[in-house]
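Comments concern the structure below.
In my numbering, the protein residues as written are 37 to 329.
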């Protein structure tokens with residue numbers, strides 16, 4: 037598939053870089069798929085060295101906007117972060133004037149923002165059929181959350197539209213530091229806002245920060261913040277037993293199937309593999325996503 041033209045709006049926010057691609061024509065991207073991206077303003081002399089990034093947004097149909105969340109490290113991604121400082125300043129000025137700064141809102145305007153020519157290939161990769169499972173547990177480390185976000189949107193949409201078998205979704209996010217939360221909190225809030233069908237609330241979010249000297253706290257009805265080590269075994273056991281699913285009397289002894297999606301560090305993936313393999317039934321399926329930390 038040949039390269040496609042688009043405009044890239046680059047934003048630096050906390051420890052993350054957000055890139056929104058505005059496409060020349062609509063395309064369909066499935067959850068978990070990635071694109072190869074080249075922005076000449078970052079590396080003009082390396083057109084053949086496109087960089088793979090998972091698409092962090094989802095839509096039920098074709099769309100003209102793609103969102104990417106990137107961890108700036110060295111080289112290309114660091115140069116990308118430097119470009120994002122221009123829009124970071126422009127967005128701060130817009131906020132001070134009382135303008136819309138939430139890119140998920142229909143009222144968001146790109147007028148006055150800095151953009152760059154971008155070419156991309158794809159989408160590439162496979163997608164997990166998450167709608168076929170009663171329970172979906174999503175485990176992510178740090179920027180691995182980017183690979184889980186489109187599945188989160190797909191699951192909530194499918195449940196609201198009564199198109200899937202899902203009855204429970206639990207996102208478990210493991211963080212090294214607090215500063216990782218702020219760049220992505222708007223995306224998590226958007227998913228929580230959409231999860232409102234008959235106040236059934238299938239979505240729960242657990243955020244675990246590697247700081248042991250603070251107390252755990254609940255951030256609203258469906259989000260809990262933990263500090264220190266994560267009780268993965270307990271989480272998987274409770275979800276496997278369906279403790280957070282409201283069942284009618286005839287279903288009390290029934291356990292549906294469960295998918296575990298992982299985009300995490302090597303040690304976390306090893307631990308999850310071990311816990312899933314210890315399960316005595318065939319009703320738990322582990323999916324290690326293409327993007328790993």
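Backbone N, C-alpha and C fix where the C-beta goes; we use that ideal spot for every residue, glycine too.
All figures in this text were calculated on a predicted structure; none of them were measured in a lab.
**Report entry** The alpha helix (DSSP H) enclosing residue 45, as first and last residue numbers
**Finding:** Where residue 45 is concerned, there is no enclosing alpha helix (DSSP H), although the beta strand (DSSP E) it sits in stretches over 40 to 49.
Requested in this report: For my contact list, residue 43 and residue 154 are in at a C-beta cut-off of 8 Å; report their separation, rounded to the angstrom.
Outcome: 7 Å
Query raised in the report: Helix, strand or coil: which one does DSSP assign to residue 144?
Result: coil
Query raised in the report: How would you write the range of the beta strand (DSSP E) that residue 171 sits in, first residue to last?
Result: Judged by DSSP secondary structure, residue 171 falls within the beta strand (DSSP E) whose first and last residues are 171 to 177.
Report task. Could you have a look at residue 101 and say whether DSSP puts it in helix, strand or coil? Result -> strand
Query - Per DSSP, the bridge partner or partners of residue 263 - result: 245
Requested in this report: Determine, using beta-carbon pairs with one atom in the segment 92 to 105 and one in the segment 175 to 186, whether at least three such pairs fall under 8 Å.
Outcome: yes
Query raised in the report: In angstroms, rounded to a whole number, what distance separates the CA positions of residue 190 and residue 67?
Result: 7 Å
Query raised in the report: Got a sec, what are the start and stop residues for the beta strand (DSSP E) residue 114 sits in?
Result: First-last for residue 114: 112 to 132, but that is the alpha helix (DSSP H), not the beta strand (DSSP E).
Query raised in the report: Would a C-beta distance cut-off of 8 Å place residue 332 and residue 296 closer than the cut-off?
Result: Only positions 37 to 329 of the chain appear in the structure, and residue 332 is not among them; the question remains open.
Report task. Taking residue 305 as part of the alpha helix (DSSP H), name the residues at either end of that continuous run. Result -> 302 to 313
Report task. Mark residue 246 as exposed unless 16 or more other C-beta atoms lie within 10 angstroms of its C-beta, in which case mark it buried. Result -> exposed
Query raised in the report: Sorted by chain position, which residues of the same chain lie with C-beta nearer than 8 Å to residue 164's C-beta, five sequence neighbours on each side aside?
Result: 67, 68, 187, 295, 297, 323, 325
**Report entry** Backbone secondary structure at residue 212 - three-state DSSP
**Finding:** coil
Query raised in the report: Taking Cβ positions, are residue 119 and residue 173 nearer each other than 8 Å?
Result: no
**Report entry** Spatial neighbours of residue 243 in its chain, beta-carbon cut-off 6 Å, leaving aside the 5 residues before and after
**Finding:** 209, 261
Requested in this report: For the beta strand (DSSP E) holding residue 60, just list the boundary residues, first then last.
Outcome: 52 to 63
Query - Straight-line gap, residue 318 to residue 64 (C-alpha atoms, nearest Å) - result: 33 Å
Query - Three-state secondary structure (DSSP) of residue 29 - result: The structure shown does not extend to residue 29, since the chain spans only 37 to 329, so no value can be given for it.
**Report entry** Identity of the residues DSSP links to residue 154 by a beta bridge
**Finding:** 42
Query raised in the report: Using a Cβ-Cβ distance under 8 Å, would residue 52 count as near chain D?
Result: Protein chains in the displayed structure number just one, and chain D is not present.
Query raised in the report: Buried or exposed: residue 177, going by 16 or more other Cβ atoms within 10 Å of its Cβ?
Result: buried
Query raised in the report: So is residue 146 buried or exposed if we call it buried at 16+ other beta carbons inside 10 Å?
Result: exposed
Query raised in the report: Thinking just about the alpha-carbon of each residue, which of 122, 156, 136, 127 is nearest to the one in residue 103?
Result: 156
Query raised in the report: For residue 299, does the count of other Cβ atoms within 10 angstroms reach 16, so buried, or fall short, so exposed?
Result: buried
Query - Nearest candidate by alpha-carbon position, reference residue 311, set 276, 99, 192 - result: 276
Requested in this report: Can you have a look at residue 132 and say buried or exposed, based on whether 16 or more other CB atoms are within 10 angstroms of its CB?
Outcome: exposed
Report task. Decide if residue 233 is buried, meaning its Cβ has at least 16 other Cβ atoms within 10 Å, or exposed. Result -> exposed
Requested in this report: Note down, in chain order, each residue of its chain lying with its Cβ closer than 8 Å to the Cβ of residue 271, except the 5 sequence neighbours on either side.
Outcome: 173, 206, 208, 242.
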